[in-house]
Amino acid sequence: MECLVFKILSLDGGGTRGTFIAACLAHIEEKLDHPISHYFDLIVATSTGSIIAVPLGMEVPAATIEKFYLKKVYEVFKPNPPYFSGVYKPITWTTSPFLELFTGVSTDELVQPKYSSEGLRKIIQSMLRDKTLVDSKKCRLNITAVDLKAGMPTVFKTPHLPGKWPDENRSVVDIILAATAAPTYFNPVTIEKGTAFCDGALWANNPGIVGYSEAMDISRICQHISARQFHHDTICMLSIGTGYTHYTHPPPQEGSGVKWWSQRVMEIMFNTQSQSTSLYLERMLPQENYHRLNFEIVNPDWGHVDSLGHIDEMAEIGHKIAAENFDKIKDIFFKSPSEEYHQYPPEA
Numbered sequence: 000m001e002c003l004v005f006k007i008l009s010l011d012g013g014g015t016r017g018t019f020i021a022a023c024l025a026h027i028e029e030k031l032d033h034p035i036s037h038y039f040d041l042i043v044a045t046s047t048g049s050i051i052a053v054p055l056g057m058e059v060p061a062a063t064i065e066k067f068y069l070k071k072v073y074e075v076f077k078p079n080p081p082y083f084s085g086v087y088k089p090i091t092w093t094t095s096p097f098l099e100l101f102t103g104v105s106t107d108e109l110v111q112p113k114y115s116s117e118g119l120r121k122i123i124q125s126m127l128r129d130k131t132l133v134d135s136k137k138c139r140l141n142i143t144a145v146d147l148k149a150g151m152p153t154v155f156k157t158p159h160l161p162g163k164w165p166d167e168n169r170s171v172v173d174i175i176l177a178a179t180a181a182p183t184y185f186n187p188v189t190i191e192k193g194t195a196f197c198d199g200a201l202w203a204n205n206p207g208i209v210g211y212s213e214a215m216d217i218s219r220i221c222q223h224i225s226a227r228q229f230h231h232d233t234i235c236m237l238s239i240g241t242g243y244t245h246y247t248h249p250p251p252q253e254g255s256g257v258k259w260w261s262q263r264v265m266e267i268m269f270n271t272q273s274q275s276t277s278l279y280l281e282r283m284l285p286q287e288n289y290h291r292l293n294f295e296i297v298n299p300d301w302g303h304v305d306s307l308g309h310i311d312e313m314a315e316i317g318h319k320i321a322a323e324n325f326d327k328i329k330d331i332f333f334k335s336p337s338e339e340y341h342q343y344p345p346e347a
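This is the structure:
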């Protein structure tokens, strides 16, 4: 049997910096004869990457997704109404200055998330309506999240593996909201009664390893359905980040408590997870099969997931990086479309 290439598109988390990913893909798709999802066997995404991956799977043009970040993302980050209001408002006058001094958060942020998810819900619904993951017919999807009730990582999947798959009737709107529910920014998301999900960036900000593992499962379990076979050394991955920093955070001599860590732990966690994933994928895949598109964050303000002041600049960088790298990657990923994958019916 012929051994073919299995192509993976991996999209990082990073809030508004997803603008970079959307712009990269919009630039690339302009040069293709088919929607970009037709060229990949699997798209794996985390957090803001899921806002891009799921519409791509439904053949929404990448340029339309880029416009969401340029024109609509402001509607996502609208602050919640004050938690303490009316007669309770004086509480914030006395406590907020001290909280912000020592922890960097206000009294309201101590007891509720900064934003409501309704803005994102309305935008995604207008784009995807009542679709489920079954509607992604050309390309498999993996979307990472955290299942708070089960206390473990989880991945929302298209039905590309045999077995009981719980995502058959789940709205992709709910799945995206669950995958982007970043702690302190948005509330956890309930899909079915008794469930609670939050942002997959907590364990897979760079989800490339998730994609590689899924590909190996597909190779092991599904290759009997056709003559299409692949091995680990024929897996190719295009991984797109949302910026990196050369961070250095030497702790203070007097020790590091909540005040010091609260301002740094998320940056350290997300950066080290992304770095380690890239490091291992560079070792696990042949050098010519792994390609990472990313940019250096030179402005500290860009590091926040809700930074809105540099959207246009991030889009410009995305188009620039895509233009510089397209000739290097076109024959690997975009020479010809991938085959439509085989959907399994759910087992009873």
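If you read the sequence shown in numbering that gives the first Met the number 0, its first letter stands for residue 0, the second for the next number, and so on.
Glycine included, every Cβ here is placed at the ideal spot set by N, Cα and C.
Please state whether the Cβ-Cβ distance between residue i and residue j is less than 8 angstroms.
{"i": "Arg169", "j": "Tyr340", "result": "no"}
{"i": "Ser238", "j": "His303", "result": "no"}
{"i": "Leu160", "j": "Ile217", "result": "yes"}
{"i": "Ser125", "j": "Gly56", "result": "no"}
{"i": "Val145", "j": "Leu201", "result": "yes"}
{"i": "Val172", "j": "Ile123", "result": "yes"}
{"i": "Cys235", "j": "Val4", "result": "yes"}
{"i": "Gly317", "j": "Ala22", "result": "yes"}
{"i": "Lys163", "j": "Leu132", "result": "no"}
{"i": "Leu31", "j": "Ile7", "result": "no"}
{"i": "Thr247", "j": "Ile296", "result": "no"}
{"i": "Pro285", "j": "Asp232", "result": "yes"}
{"i": "Ser9", "j": "Gly242", "result": "no"}
{"i": "Pro299", "j": "Thr183", "result": "no"}
{"i": "Phe269", "j": "Asn204", "result": "yes"}
Assign residue i to one of two classes, buried (16 or more other C-beta atoms within 10 Å of its C-beta) or exposed (fewer than that).
{"i": "Leu278", "result": "exposed"}
{"i": "Glu167", "result": "exposed"}
{"i": "Val110", "result": "exposed"}
{"i": "Asp11", "result": "buried"}
{"i": "Lys137", "result": "buried"}
{"i": "Tyr114", "result": "buried"}
{"i": "Ala383", "result": "Here the chain comprises residues numbered 0 to 347, so residue 383 is not present and cannot be evaluated."}
{"i": "Ser335", "result": "exposed"}
{"i": "Ile267", "result": "exposed"}
{"i": "Ala226", "result": "In this predicted model, Ala226 has a pLDDT of only 44, less than 50, meaning its place in the structure is not dependable enough to derive any value."}
{"i": "Pro158", "result": "buried"}
{"i": "Glu28", "result": "buried"}
{"i": "Ser36", "result": "buried"}
{"i": "His26", "result": "buried"}
{"i": "Ser206", "result": "The amino acid occupying residue 206 in the given sequence is Pro; Ser does not appear at that position. Pro206 is buried by the Cβ-count criterion."}
{"i": "Gln252", "result": "exposed"}
{"i": "Thr63", "result": "exposed"}
{"i": "Thr271", "result": "exposed"}
{"i": "Ser255", "result": "exposed"}
{"i": "Lys192", "result": "exposed"}
Considering only DSSP beta bridges, list what residue i is partnered with.
{"i": "Arg291", "result": "Ser238"}
{"i": "Pro152", "result": "Val145"}
{"i": "Arg139", "result": "Leu41"}
{"i": "Cys23", "result": "BP columns for Cys23 are empty, so no partner."}
{"i": "Ile7", "result": "Leu41, Met236"}
{"i": "Tyr243", "result": "Glu295"}
{"i": "Ser170", "result": "Thr131"}
{"i": "Cys197", "result": "Val145"}
{"i": "Val188", "result": "Phe196"}
{"i": "Tyr114", "result": "Pro78"}
Using CA coordinates, which residue listed in the options is at the minimum distance from residue i?
{"i": "Thr194", "options": "Ala177, Asn204, Ser49, His33", "result": "Ala177"}
{"i": "Pro187", "options": "Lys148, Glu65, Pro165, Thr244", "result": "Lys148"}
{"i": "Ile174", "options": "Trp164, Lys163, Ile190", "result": "Ile190"}
{"i": "Gly199", "options": "Gly13, Leu8, Lys6, Ile7", "result": "Gly13"}
{"i": "His33", "options": "Pro345, Gln342, Phe332", "result": "Phe332"}
{"i": "Tyr68", "options": "Tyr343, Glu315, Ile320", "result": "Glu315"}
{"i": "Lys66", "options": "Tyr38, Leu24, Lys77, Phe76", "result": "Leu24"}
{"i": "Ala214", "options": "Ser306, Asn204, His230", "result": "His230"}
{"i": "Pro345", "options": "Trp260, Pro165, Ser255, Trp301", "result": "Pro165"}
{"i": "Tyr343", "options": "Glu287, Asp305, Cys221", "result": "Cys221"}
{"i": "Phe350", "options": "Val154, Asn293, Ile208", "result": "The displayed coordinates of the chain run from 0 to 347. Any statement about residue 350 would go beyond what the structure contains."}
{"i": "Ala181", "options": "Asp305, Arg219, Trp301, Lys319", "result": "Asp305"}
How about the segment 322–336 and the segment 65–81: do they share at least three Cβ pairs that are nearer than 8 angstroms? Judged by Cβ distances under 8 angstroms, the segment 322–336 makes no contact with the segment 65–81, as fewer than three pairs qualify.
If you pair each beta-carbon of the segment 268–278 with each one of the segment 43–58, do three or more pairs fall below 8 angstroms? no
Any contact between the segment 15–23 and the segment 50–62? By contact I mean 3 or more CB pairs, one from each, below 8 angstroms. yes
Can at least three beta-carbon pairs, one atom from the segment 56–75 and one from the segment 309–324, be found at a separation below 8 angstroms? In short, these stretches touch, since the Cβ pair count reaches three.
Check whether the segment 115–128 touches the segment 148–157, taking contact to mean three or more Cβ pairs, one atom from each stretch, closer than 8 angstroms. no
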